[in-house]
Structure formats: structure tokens, C-alpha cells
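Engineer: Next up is a structure, given as C-alpha cells.
Protein chains: 4
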Amino acid sequence: MISFENDYNVGACPEILKRLEETNFDKTTGYGGDPYCEAARAKIRKAVGNPDADVWFLVGGTQTNMTVIAGMLKLHEGVIAANSGHISLDESGAIEYTGHKVIEFPEHDGKLKAVEVEKYLEGFFADPWHEHQVIPGMVYISWPTEFGTLYSKAELKELRDLCDKYSLTLFVDGARLGYGLASDAADVTLPELAELCDVFYIGGTKVGALFGEAVVFTKGNTPVYFKNIIKKHGGLLAKGRLLGIQFDTLFTDNLYMKISRHAMEMAYKMREIFLSKGYEMYIDSPTNQQFFIVTDEQAERIGKKVAFSNWAALDDGRKAIRFVASWATNEEDLRVLEETI
Amino acid sequence: MISFENDYNVGACPEILKRLEETNFDKTTGYGGDPYCEAARAKIRKAVGNPDADVWFLVGGTQTNMTVIAGMLKLHEGVIAANSGHISLDESGAIEYTGHKVIEFPEHDGKLKAVEVEKYLEGFFADPWHEHQVIPGMVYISWPTEFGTLYSKAELKELRDLCDKYSLTLFVDGARLGYGLASDAADVTLPELAELCDVFYIGGTKVGALFGEAVVFTKGNTPVYFKNIIKKHGGLLAKGRLLGIQFDTLFTDNLYMKISRHAMEMAYKMREIFLSKGYEMYIDSPTNQQFFIVTDEQAERIGKKVAFSNWAALDDGRKAIRFVASWATNEEDLRVLEETI
Amino acid sequence: MISFENDYNVGACPEILKRLEETNFDKTTGYGGDPYCEAARAKIRKAVGNPDADVWFLVGGTQTNMTVIAGMLKLHEGVIAANSGHISLDESGAIEYTGHKVIEFPEHDGKLKAVEVEKYLEGFFADPWHEHQVIPGMVYISWPTEFGTLYSKAELKELRDLCDKYSLTLFVDGARLGYGLASDAADVTLPELAELCDVFYIGGTKVGALFGEAVVFTKGNTPVYFKNIIKKHGGLLAKGRLLGIQFDTLFTDNLYMKISRHAMEMAYKMREIFLSKGYEMYIDSPTNQQFFIVTDEQAERIGKKVAFSNWAALDDGRKAIRFVASWATNEEDLRVLEETI
Amino acid sequence: MISFENDYNVGACPEILKRLEETNFDKTTGYGGDPYCEAARAKIRKAVGNPDADVWFLVGGTQTNMTVIAGMLKLHEGVIAANSGHISLDESGAIEYTGHKVIEFPEHDGKLKAVEVEKYLEGFFADPWHEHQVIPGMVYISWPTEFGTLYSKAELKELRDLCDKYSLTLFVDGARLGYGLASDAADVTLPELAELCDVFYIGGTKVGALFGEAVVFTKGNTPVYFKNIIKKHGGLLAKGRLLGIQFDTLFTDNLYMKISRHAMEMAYKMREIFLSKGYEMYIDSPTNQQFFIVTDEQAERIGKKVAFSNWAALDDGRKAIRFVASWATNEEDLRVLEETI
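Chains as they are written, first to last, in the numbering used here: chain A, 2 to 342; chain B, 2 to 342; chain C, 2 to 342; chain D, 2 to 342.
This is the structure in C-alpha cells:
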């Protein structure tokens with residue numbers, strides 16, 4: 002069966018499997034102290050254009066979010082996020098489990114509006130009653146967002162300024178970072194993004210790896226004893242080299258961007274197919290997740306041949322469904338899709 | 002360089018890599034709902050001799066310990082463990098991070114003494130002052146222990162009886178389970194172990210897999226919404242199939258036990274080599290971790306050709322060092338070792 | 002200076018001080034095991050019309066909220082509350098600190114709308130994706146609300162039905178319970194309220210006591226080892242008798258209701274004074290908190306003679322201010338208020 | 002009945018009750034911003050001989066311990082304590098609930114031995130494996146200890162040096178501080194103690210107040226937003242003035258030391274009575290808690306007329322019992338005690 006259900010429905014890039022096999026019997030020390038991790042860190046530092054960037058590897062997105070957020074927030078602080086943010090909705094309360102509130106703001110196409118956050122912060126600190134409240138300590142955004150949308154450079158700059166003004170950390174969840182960077186709509190490069198935020202991660206799980214997320218601290222701001230902090234969250238992989246090998250491969254010969262761009266080309270074609278058949282978009286997403294409006298009957302019919310995700314029930318009885326292209330999507334998938342819808 | 006540093010210093014069994022490659026482009030749903038996980042669960046249920054056992058896959062040991070312990074304890078409860086236990090010493094406080102105290106008891110060759118725990122429990126509940134204390138809710142043991150030792154069936158039975166008497170959960174950390182089961186010293190089988198405890202896990206990371214631990218609930222006692230609980234701990238792998246594929250492979254054709262037995266044969270030979278050269282044992286371990294006493298000079302000399310772990314500084318100026326055999330250790334490794342020491 | 006700033010700006014009812022003095026040198030056991038606590042519990046059981054109600058005394062509101070909520074929720078659960086709820090806004094993240102998300106809903110005059118919560122619950126459980134989310138386990142409401150409003154019996158019944166349907170606990174924060182019960186607008190009695198919810202508390206701090214909140218479990222549903230749980234939250238008062246003496250006094254000769262009714266009579270007069278002078282209400286509150294709209298200049302002038310709380314900045318440049326009557330408010334206070342505004 | 006059960010079995014010093022009554026209808030702002038708290042802070046700063054000391058008031062001991070410890074530790078840190086320490090044994094796991102491990106050391110007469118802690122710290126930081134462990138961040142001691150013993154100035158100095166060497170915070174739990182300072186055996190003054198540690202608290206609950214503990218930060222080291230942190234732990238008393246009034250009274254005319262000295266005189270006489278009747282001491286305590294060895298029959302006979310606490314069962318079948326003198330103990334109590342034993 003053809004599946005556009007999500008971008009984690011297959012294994013990994015063949016290049017990665019090959020490297021895992023080649024290195025399988027090398028003996029290395031554990032927990033990320035191996036040469037593969039070191040090589041991967043060096044390549045990532047180069048790709049982000051910051052020789053002092055500090056790079057750490059974790060296994061999955063929720064784990065990364067909770068570890069970075071808990072590691073950077075002070076006890077009295079909370080994290081600002083859109084109410085559609087991954088940490089707000091889809092992590093089973095992992096952030097709150099670390100003892101910190103997610104301070105939710107209304108999403109606008111999946112994004113925070115800087116002006117709304119600023120208005121809140123201004124009022125918050127002006128009112129002495131904030132001694133009884135959660136002090137905002139971080140702004141969390143995803144880039145691309147859960148809706149596939151992208152903050153523009155100008156929007157990122159606004160958030161950066163806001164964070165500077167109120168001494169907040171700006172954290173970018175890059176679970177789908179590659180698809181954002183490879184989008185025609187992106188007006189920010191990886192080094193620019195790295196410069197604009199305080200910490201971000203480069204998603205591997207959804208972009209070619211078996212698993213893995215590379216956290217990058219860009220301002221000399223890694224929490225002390227961060228390795229202990231990762232372990233305290235259950236996130237320190239014994240065979241840390243597996244992460245090193247994967248990211249080393251992804252950042253060799255520009256592979257990460259090549260496969261991301263391939264995915265985006267598949268996504269554009271997929272979108273074209275839907276539009277040409279008269280389907281209506283639910284969200285106008287410039288990245289690898291595409292959302293369309295269908296009737297129940299259409300959904301049922303398509304679902305017999307092609308897997309996708311249900312997204313939302315609409316008031317008019319129709320529904321929104323999500324089709325995701327990934328590094329692994331190919332022309333044959335699209336051909337079947339076209340036939341089916 | 003030859004390494005006996007630990008049992009997680011290489012990749013995975015070739016059988017596992019092969020299966021990962023064969024299945025790489027199959028499209029499956031995420032988070033453990035795929036057919037590979039289902040198949041692996043079925044095989045594990047069979048291996049543990051309990052058709053109703055409930056099997057879950059997590060990535061690493063600390064993650065598994067914190068998720069199972071927090072998932073099973075009530076708010077007012079703590080977990081009893083030896084002070085040499087992995088959760089006591091080597092998890093950066095991950096258990097306490099979930100809000101629960103590790104109630105430490107002196108280790109005896111790495112093991113809890115049931116009689117000591119019983120004396121404590123008797124006094125504890127007899128004294129009304131326990132209304133101000135942490136209520137013991139679980140006994141945690143590792144099998145094999147961190148010192149390579151094994152509880153005998155009789156010792157396990159004693160702990161089981163204790164847990165029944167005081168309504169405690171018995172949780173067995175089986176990070177190195179295979180090496181215990183394959184030891185000549187083991188007088189308990191996998192089904193017997195499964196029956197004696199309430200929950201345990203089958204270690205993959207140290208026994209042939211790239212990573213992965215299979216948690217088995219044996220008494221219909223899985224916490225409700227355990228998948229959400231795993232996610233809340235950051236432990237729900239998006240490509241859950243990776244765990245399914247690995248455990249399916251390990252539990253096909255008895256692979257898990259075959260590689261464990263191989264490791265034990267290597268361990269016995271390794272031990273023989275040391276003893277024949279006149280080295281003294283530090284701990285008499287019946288499993289794959291072996292501990293010897295050396296002078297600083299010996300340690301330095303050996304360390305130039307063979308990697309091992311420092312274990313403890315002894316009062317007489319000498320030190321204990323650890324050599325670990327694993328599924329990947331081979332005759333050539335032993336030959337070099339013999340030459341070197 | 003005259004103060005309507007809040008309902009905790011003086012000490013306690015003289016009856017309470019007198020009892021504290023009379024009993025000062027009685028020697029009792031600690032932590033709530035004394036005869037005064039026992040007597041208070043008996044009187045409260047009678048007042049709530051439930052001979053099996055289980056009554057516990059804590060010191061303050063946030064402490065009570067966090068202890069009850071953490072004590073009753075399961076690990077994977079969160080608590081539903083209005084976004085104006087005390088636990089949502091004004092407890093410095095104490096609930097999240099216990100590891101549980103506050104699932105916020107828009108307030109309507111400070112209240113949850115049952116129909117909105119129901120729609121959410123229906124969708125939530127229908128979508129298998131909830132395996133990645135926080136499972137709702139409790140509904141938290143305050144009665145009176147933070148805006149002084151009251152849920153009617155019909156509204157409480159709707160929430161009760163909802164909680165039954167979805168197996169949620171209904172918890173009522175009664176920090177100002179007396180003022181609600183004594184309001185002309187209340188259509189529910191204390192026994193009815195006790196019956197409608199699963200657990201609630203009777204506020205002492207704001208209603209005549211020096212401090213203290215009496216938690217009442219009405220359905221045989223007290224968490225096991227609740228005393229340990231209170232201690233784990235730092236809330237077990239050594240001289241627990243202080244709470245017993247206060248609540249025993251408040252529930253002798255109907256004192257709690259008498260002083261609450263007095264406060265409401267003062268509140269009605271206060272409201273009349275404002276309305277007769279042409280001030281506009283910001284919220285139409287039927288309890289002891291009253292909200293009026295003023296210009297900056299009015300606020301400044303009044304503030305010179307009478308203390309009040311700032312509540313909200315309005316879009317038209319004016320602001321809402323809060324005046325609170327309490328058991329300690331008297332005619333002289335009102336006379337000065339009338340002169341001043 | 003006569004009671005020597007503990008030092009919190011009556012109300013408060015009459016001076017405190019009188020002040021509560023005198024100030025009862027003064028209207029003040031909440032949460033510690035009132036003039037009584039301000040006055041109390043000034044007097045405490047003077048008493049500790051540090052004009053820059055930062056003083057905060059909390060309600061009880063466990064609450065204070067958990068708030069101070071969680072407020073000062075970093076995420077990856079734990080707190081070192083004797084295994085007989087209040088935080089180790091008698092707080093229902095409140096410290097672990099904040100996510101931090103209590104690193105327990107064997108007690109010696111209730112005290113930590115600096116040399117043992119130093120040996121541990123030296124080994125700990127020398128071993129790179131500490132990247133997997135809990136980093137010690139604080140040393141917690143009680144003064145007097147739970148066994149009534151006192152660290153000498155030299156012992157405190159040793160711990161201070163240790164803390165300086167390893168960048169640890171030294172926190173002194175002074176729940177019974179007055180009884181320590183008033184002991185003939187104390188060789189340290191309040192200003193000296195304040196200087197030797199980083200933070201400590203002056204116990205009110207057990208020394209004359211209804212309740213209350215005054216936390217003193219002596220090195221400009223108060224955690225930022227400490228009021229929010231107190232609230233997050235449920236410890237911010239609405240009528241904060243109650244704490245201010247009590248500590249203002251205790252630190253007026255040297256009352257705190259006068260009543261503490263009275264208690265010590267009663268304790269010395271109590272001890273003399275026991276020794277003169279041939280009872281054996283269990284612990285040689287120089288403060289207000291005294292421990293004696295009795296047979297079951299003696300315990301039962303005494304228990305009919307005088308309340309005390311059971312402390313420990315001895316191996317020879319006898320038991321240790323605890324008698325506590327307090328500010329409220331008087332000659333008549335002692336007369337009855339003498340007759341009874």
C-alpha cells in the first residue's frame with residue numbers, strides 16, 4: 002500500500018544503513034564520546050556557520066523538547082508556545098512533567114504572533130501581581146510548524162527582538178527543519194536561523210535518519226552538566242555512535258539538503274495533483290505536509306488505496322486530511338495517488 | 002584496538018542489520034503499531050511462557066527504568082533498591098526526577114538481602130510514624146546485577162514472598178538478561194523469572210541489538226494509558242518498528258540465547274586466561290562482566306593494547322578493573338588479551 | 002486607612018482568637034490527630050450532610066489545590082480548568098510542578114461552559130491520536146469563581162453529568178465558599194454542593210480564619226496515604242490543632258454562615274453605593290468581590306483614601322478595579338467609601 | 002496529662018497571642034509585604050549580625066526544606082545529607098518530589114563527618130563516570146540534629162571549607178535553632194552560624210511560635226523570583242503578616258533566646274532526674290531532646306502518666322524513648338515526671 006500518512010513511515014536513507022553496516026564492528030566508547038559523533042558535530046558546526054556551536058544528539062523529538070526546555074528554564078519559569086505547538090498538544094504533558102507550564106497563545110496558521118506575545122509580556126511585567134504567576138522564560142516555535150507553515154525571516158527577527166527585550170530564550174523545534182530549508186518559500190538559511198535563535202534542533206527522524214535529533218546551542222549557552230541532564234531525562238543513548246554515524250552521513254555531501262529538496266519536489270507535485278483534480282486546500286502549506294478538504298465519501302474511497310492522516314472535522318460536514326511527502330516519496334507513489342484521487 | 006570496555010561498544014548482530022535493510026522501505030504506521038512489533042510481542046510472549054504477557058518496547062535502560070517505576074508507583078511510594086543498583090547510582094537521578102525516592106539498602110555482592118528488607122518493612126509498618134515517610138511500593142533488582150552476580154531461584158522466591166506479604170511490586174532490570182540466563186550458574190529459566198516478578202525487561206542494547214529494551218508485564222498489571230506514560234517520559238519512538246524488527250530478529254531461531262551463550266563462553270575463557278596468569282578476582286561473577294585486581298603498573302600496561310573499565314580503587318593501592326565479554330567478542334579478541342596481560 | 006483590597010487583609014474572627022487563647026496550653030499530639038481536629042471534622046460532616054465525608058485540613062489555597070489535584074490524578078492525566086481559574090493563572094505553576102497539565106478552556110464570566118468541555122471530550126476520545134496527549138482526569142472549578150460569579154445548580158449538574166460520562170473527578174475550589182453560599186443568588190446548599198462534586202474545600206483563610214482550608218472528600222474517594230501525600234507537598238502542619246480549633250469555631254453556632262452573610266450584606270451595600278454614584282459595573286458579581294469601571298483620575302483619587310485592587314486595563318483607556326467586602330467589613334468602612342467615591 | 006512528647010504540643014508564647022490580638026484588625030497587604038514582616042526582617046538581620054541578610058518567612062519545616070533546596074539546586078544536582086536527616090527520613094519524599102536526589106551518608110550521632118563527605122567528593126569528581134550520576138550541589142545539616150546533637154564550630158568550619166572547595170551550598174535546618182544556641186555546649190553564636198553557612202532557617206514552630214520558619218540568605222544568594230518559587234511550592238501564606246507578627250515578637254527583647262534558654266534549663270533538670278534515678282542515656286544530647294533507655298515495663302508504667310515518644314527498639318529487648326523539653330515546659334511538669342519515673 003502507498004502511504005502519505007507521515008514522514009516517519011519507512012526506515013532510513015540507504016546511505017545511512019550502509020554506514021551503519023560498514024562501522025558495525027568498530028569498537029568505540031559509549032554515550033557520544035566516539036569519533037563518529039565528533040565528526041558529525043564538526044560537520045554540523047560548519048553547516049550552521051558557527052565554529053563555536055555546541056552540538057548534542059538525542060533520539061526523538063519529545064525527548065529533545067523536554068530535555069532542552071527543562072535544561073534551560075529556571076525553576077520559576079514557563080515556556081511560551083502556540084496552542085498548536087507540539088509541546089502544547091502532542092507530547093502527553095512531557096513539558097509539564099518537568100515542572101514547567103506551557104503558556105499557550107492562539108496560533109495563526111500554526112504560528113505565534115510576536116505582537117500578541119509582546120502585548121502580553123508588557124502587561125505581565127508591568128503588573129506586580131506577576132509575583133504569583135509563572136514567569137515566561139522561553140519562546141518555543143517549530144519551524145516548519147505543525148501546520149507546515151514557515152516563519153519568515155522578518156517574523157523570526159521580531160521574535161528574536163522580543164526575546165532580547167524580555168531576556169527570553171528562543172528555541173526552535175526543527176523536527177522537520179530540512180523540509181523548511183528546502184522549501185521555495187524559505188527566506189532564511191540554516192546559518193541565519195542558527196544566528197536568530199538561542200538553541201534549535203535539526204530533525205533526523207523525519208528527514209532521512211532511523212531516528213535522532215541534533216540539538217545546537219549557538220550562543221555559548223549550553224546548560225552546565227548537560228550530559229547529566231540528558232541522562233536524567235532518560236535520553237542518553239548507550240551506543241551514541243548510532244546518532245553520530247547518522248548525522249555524519251546526513252551532513253556529508255549535502256545529503257540532508259538533497260533529500261529534503263527531493264521531498265519538497267514531491268510535495269509540490271502532490272499538491273499540484275490535488276489542485277488539478279479540484280480539491281481545496283485546508284491550509285496553504287509551503288512544506289512537505291499538505292492539507293486538503295474532502296467529503297467523507299472521498300476520504301473513504303482514497304483511504305482504500307492510499308494511507309493519509311485525518312486532520313480535522315469541519316463544520317460543514319467535510320473534513321481536512323493530511324498528505325505528507327518525505328525524502329522517501331517517489332514518482333510511483335505520486336502516480337498511484339493521482340490515479341486514486 | 003581490542004576492547005572489553007563494555008557490552009555496548011559495537012553495533013548490532015548482522016542478522017538485525019540485515020532485517021533493517023530488508024524492511025527499510027516497507028511503509029508502516031508509527032509508535033509501535035506495526036506488524037514487526039506485533040510479531041516480536043508474540044514471540045516474546047511465547048519465550049516467556051505467558052500468552053497474556055503484555056510487551057512494550059523502549060529505547061534504553063534508564064528510560065525504561067524511570068518509565069516503569071513512575072508508571073507503577075503511586076504518588077506516595079518509593080522504590081527499594083541496592084545502593085549499587087543502576088537506579089541508585091548511575092542514572093543521574095532520573096528516578097527522583099519522576100518524584101519518587103530510591104530507598105537504598107546495602108548491597109551484598111550487588112544484591113539485596115531479603116531478610117534485611119523484611120526487617121525494615123516489618124519495623125516500618127509497625128511504627129505509626131510512617132505517616133511521615135516514603136511508603137515502599139516496589140522492589141527493584143537487576144538480574145544480572147551491576148556486579149555480574151545472579152540472584153538464585155531461592156533468593157528470587159524470598160523477594161517474591163516479601164513483595165506479596167507487603168503488597169510490593171517486584172521489578173527486574175534485565176539490561177543483561179541474556180547473559181544471566183545463559184550463565185552456567187543460572188538456576189532459573191526465562192518463564193520462571195517472568196512468573197516470579199511483576200514486571201521485567203529483556204535487554205537488547207547490551208545483548209545484540211543496536212538499542213532497545215522489551216518490557217514485559219506478566220500479571221495483567223500494565224498501567225492504564227501506558228503509551229501516554231511512555232510518551233510523557235520522552236520514550237515513544239516514532240519509528241517504533243525499529244524496536245519490533247530488532248526484537249523479532251532476536252527472538253527468531255533462539256538468536257537471543259545463542260548470542261548470549263556465545264558471550265558466556267567467551268567470558269569463561271577470558272576468566273580462565275586471567276586466573277591462569279595469576280590475577281586475582283575482585284568479584285566472583287558468573288556472568289559476562291569479570292572483575293580482576295591489578296596494580297597501577299599492570300593496568301597501564303594492559304591499557305595500551307586493550308580497553309577495559311576502571312571499577313574501584315582498593316585500599317592497598319591496587320585497583321579493580323572490569324573486562325566485559327559480549328555477543329560480539331571473538332577468539333581473536335581473547336588471543337590478543339592473553340598476549341597482553 | 003480603609004481597605005477593600007481583598008478578603009485576607011485582617012486577622013481572624015475574635016471567636017477564633019479567643020479559642021486559640023483558651024486552648025493554648027492544652028497538650029495535644031501533632032499533625033491533626035488531636036481532639037479539636039476531630040471535633041471540627043464531625044461538625045463539618047454534619048454541615049455538609051454526609052456522615053461519611055472525609056475531612057482534612059490544609060493551610061492555604063494553592064497548597065490545597067496542588068495536593069488534591071496531584072493526589073487524585075493519575076500520572077497520565079491533566080486537569081481541565083477555565084483560563085481564568087486560580088490554578089491556571091495565579092499559582093506560579095504549582096499544578097504543573099506536580100507534573101500535570103492544566104488544560105485551559107475559555108472562561109465565560111469566569112466559568113467553564115459544560116457544552117464546550119463536552120464537545121472537546123467527545124472529540125478527544127474519538128480520535129485515536131489521544132494516545133499522544135494528556136488525558137483529562139479532572140474538572141476544576143472555583144465556586145465562587147475568581148470573578149465572583151456562581152455556577153447555578155443546573156450548571157453544576159451539567160458538569161457532574163459530564164464528569165460521570167467521562168469518568169472525571171469534579172473538584173470545587175471553595176476558597177470563598179461561604180460568600181457563595183450566603184449570596185442571594187446561590188441556588189445550591191452546602192449539602193447539595195457536596196453531593197454534586199467529588200471533592201471540594203471550605204475556605205477559611207478568606208472567610209474568618211487566620212488561615213486554613215478544609216478539604217472534603219464526599220464519595221469514599223480519599224487517596225490512600227493522603228497524610229503522606231500532604232506531607233510530600235510540604236502541607237502537614239505540625240500543630241495541626243490550629244486548623245482544628247479554627248474550623249471547630251467556624252462550624253459552631255453557624256458562625257461560618259453568619260459571617261459570610263454579614264460580608265454579603267456589606268457587599269450589597271457597597272455595590273449600591275457605587276451604582277448610586279453612577280459607576281458602571283465591570284462584572285455583575287453576586288458575591289463579595291465587586292468590580293467597577295473607573296477613569297485613571299477616579300482611581301487615583303479614590304486610592305488616596307481607600308485601598309482596592311487593580312483588575313484590568315480596558316481598551317477605552319479606563320480600568321476595572323475590584324472592591325472586596327469580607328466578614329470584617331463594617332458600616333464605618335462603607336461610610337468612608339461612600340464619602341470618598 | 003503531662004507531655005514531653007515533642008516541642009510542638011502546645012500553642013504559642015503568650016506574647017505572640019497578645020500581639021496577634023492587638024493587631025487583629027489592622028488592615029495590611031498580603032503575602033509578606035506588610036510592616037510586621039518588614040519589622041521582623043530588620044530585627045532578624047540585626048540578630049544575625051548581617052545587615053544585608055535576606056529574610057523570608059515560611060510556614061513549616063518540610064515546606065521550607067523543599068523550597069530552599071529546590072530553589073537553590075540546579076537541575077542536575079542533589080543534596081548531601083546524613084541518613085538520619087529530616088529530609089532523608091521524615092518528609093515523605095518531599096525533596097525527591099522536587100526532582101532532586103538526597104545523597105545519604107551514614108550519620109555519626111546524627112551528624113555528617115566532613116572527612117567522609119570529602120573522600121566521596123574527591124573520588125566523585127576524579128571519576129569521569131560522574132557524567133552519569135547526580136552531581137552534589139548542596140550539603141544539608143540540621144543544627145541541632147534530629148538526635149539533639151550539635152556540630153561544633155570546628156566541625157561547621159570543616160563543612161564550610163569543603164563546600165567552598167567543591168562549590169557546594171551549605172544549608173542549615175534550624176527547626177530547633179534556639180535550643181542549640183541556648184545550649185551550654187554550643188560554641189557558635191547566631192552571627193557565626195549565619196556567616197558559616199549560605200542559607201539557614203530560624204525555627205519558630207518548635208520554639209515559641211504557633212508556626213513559622215524564617216529563612217535567612219546570608220551571601221546575597223537568594224534565588225531570583227524566590228516569592229514565585231515559594232508560591233510554586235504552595236508555601237506563600239496569604240496573611241503573611243501572621244509570620245511577621247510572630248517573628249517580630251520573638252525577636253523583640255530577646256524573647257527567642259530567653260524562651261530557648263528556659264527550655265534548656267528544663268532539659269538539664271529533666272536529664273538530671275533521669276540520671277539520678279539510674280536511667281541510662283541512649284544518646285548524649287546537649288539540647289532539648291533527651292533520650293533514655295528503658296525496659297518495656299518501665300515504658301508502659303511511665304506512659305500511663307507522662308507522654309513521650311518511642312525512638313528505637315534495642316537489640317537487647319529494651320528500647321530508647323525520647324523526652325522533649327520546650328519553651329512551655331515548667332517545674333510542675335518536671336515534678337510529675339520525677340514522681341512518675
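By construction, the Cβ of each residue, glycine as well, lies at the ideal position given by its N, Cα and C atoms.
Look at the alpha carbon of B:E319 and the alpha carbon of D:V200, and state the distance between them as a whole number of angstroms.
Structural biologist: Per the sequence shown, residue 319 of chain B should be read as Arg rather than Glu. Computed Cα separation, rounded: 41 Å.
Engineer: Kindly indicate if chain B contains any beta-carbon less than 8 Å away from that of D:K102.
Structural biologist: yes
Engineer: With a CB to CB cut of under 7 Å and the five nearest residues on each side skipped, what residues in its chain are close to A:F227?
Structural biologist: W57, G72
Engineer: Beta carbons nearer than 9 Å to chain D: which residues of the region 130-150 of chain A have them?
Structural biologist: H131, E132, H133, Q134, V135, I136
Engineer: So A:E78 packs on A:P137, CB below 8 Å; how close in whole Å?
Structural biologist: 7 Å
Engineer: Please name the residues in the region 214-231 of chain D whose beta-carbon is closer than 9 Å to at least one beta-carbon of chain A, in chain order.
Structural biologist: Listed in chain order, the positions of the region 214-231 of chain D with a beta carbon within less than 9 Å of a beta carbon of chain A are P224, V225, Y226, F227, K228, N229, I230.
Engineer: Given a cut-off of 8 Å on the beta-carbon distance, is the pair C:E105 and A:E105 in contact?
Structural biologist: yes
Engineer: Starting from C:A127, follow the beta strand (DSSP E) in both directions and report where the run begins and ends.
Structural biologist: C:A127 -> not in any beta strand (DSSP E); alpha helix (DSSP H) instead, spanning 115-127.
Engineer: A:A71 touches chain D at which residues, Cβ-Cβ below 7 Å?
Structural biologist: L76
Engineer: Anything in chain D within Cβ reach of B:D91, meaning under 9 Å, just list it in chain order.
Structural biologist: W130, H133, Q134
Engineer: Rounded to whole angstroms, what is the Cα-Cα separation between A:G241 and A:E117?
Structural biologist: 41 Å
Engineer: Let me confirm a value: C:Y160 is counted as buried when at least 16 other C-beta atoms fall within 10 Å, else exposed. Which label applies?
Structural biologist: The question names Tyr, but residue 160 of chain C in the sequence shown is Leu. The residue is buried, with at least 16 neighbouring Cβ atoms inside 10 Å.
Engineer: List, in chain order, every chain D residue whose beta-carbon is nearer than 8 Å to that of B:G61.
Structural biologist: Those do not exist, as B:G61 stays about 12 Å from chain D at its closest Cβ, beyond 8 Å.
Engineer: Please report whether the beta-carbon of B:S310 lies at a distance below 8 Å from any beta-carbon of chain A.
Structural biologist: When Cβ-Cβ separations below 8 Å define contact, B:S310 makes no contact with chain A.
Engineer: Suppose contacts are defined by Cβ-Cβ distances below 8 Å. Is B:I322 in contact with B:I274 by that definition?
Structural biologist: no
Engineer: Please state whether DSSP places A:K75 in a helix, a strand or coil.
Structural biologist: coil
Engineer: Using DSSP's beta-bridge definition, name the partner residues of A:D199.
Structural biologist: Beta-bridge pairing links A:D199 to no other residue.
Engineer: Find out if the Cβ-Cβ distance for the pair D:E108, D:N66 is shorter than 8 Å.
Structural biologist: Against a cut-off of 8 Å, the Cβ pair of D:N66 and D:E108 comes out as no contact.
Engineer: Nearest chain D C-beta to B:Y283 closer than 8 Å, yes or no?
Structural biologist: no
Engineer: Alpha carbon to alpha carbon, how far is D:A186 from D:H263?
Structural biologist: 15 Å
Engineer: Mind checking B:R42: buried by the 16 CB within 10 Å criterion, or exposed?
Structural biologist: buried
Engineer: Could you spell out the range, first to last residue, of the beta strand (DSSP E) harbouring D:A314?
Structural biologist: 310-314
Engineer: Quick one: what's got a C-beta closer than 6 Å to B:K270's C-beta in the same chain, skipping five residues either side?
Structural biologist: L335
Engineer: Does B:K240 come within less than 8 Å of chain C when only Cβ atoms are used?
Structural biologist: no
Engineer: How many angstroms separate the CA atom of C:Q134 from the CA atom of C:K75?
Structural biologist: 14 Å
Engineer: Is DSSP giving C:F248 helix, strand or coil here?
Structural biologist: helix
Engineer: Along the chain, where does the alpha helix (DSSP H) that runs through A:F275 open and close?
Structural biologist: 256-277
Engineer: On the premise that C:G61 lies in contact with C:T250, defined as a C-beta separation below 8 Å, what is that separation, rounded to the nearest angstrom?
Structural biologist: Their Cβ separation, rounded to whole angstroms, is 19 Å, which puts C:T250 and C:G61 out of contact at 8 Å.
Engineer: What are the uninterrupted segments assigned as alpha helix (DSSP H) that are 4 or more residues long and contained completely in the region 51-105 of chain B, given in chain order?
Structural biologist: Listed in chain order, they are 62-73, 87-90, 95-98.
Engineer: Can the beta-carbon of B:T330 be found less than 8 Å from the beta-carbon of B:M267?
Structural biologist: yes
Engineer: Please report the straight-line C-alpha distance between C:F172 and B:T223, rounded to a whole angstrom.
Structural biologist: 27 Å
Engineer: Counting only Cβ pairs nearer than 9 Å, list the residues of chain D close to C:M271.
Structural biologist: Within chain D, no residue comes near C:M271; the closest Cβ sits about 15 Å away, beyond 9 Å.
Engineer: Beta-carbon within less than 8 Å of A:N84's beta-carbon, same chain only, minus the 5 sequence neighbours each way: which residues are those?
Structural biologist: L90, E105, F106, P107, E108
Engineer: A:Q134 lies in the beta strand (DSSP E); which residues open and close that run?
Structural biologist: Premise fails: A:Q134 is in no beta strand (DSSP E) and is neither H nor E.
Engineer: Classify B:N255 as buried or exposed, calling it buried when 16 or more other Cβ atoms lie within 10 Å of its own Cβ.
Structural biologist: exposed
Engineer: Just the Cα atoms here: how many angstroms apart are A:K102 and A:G111?
Structural biologist: 20 Å
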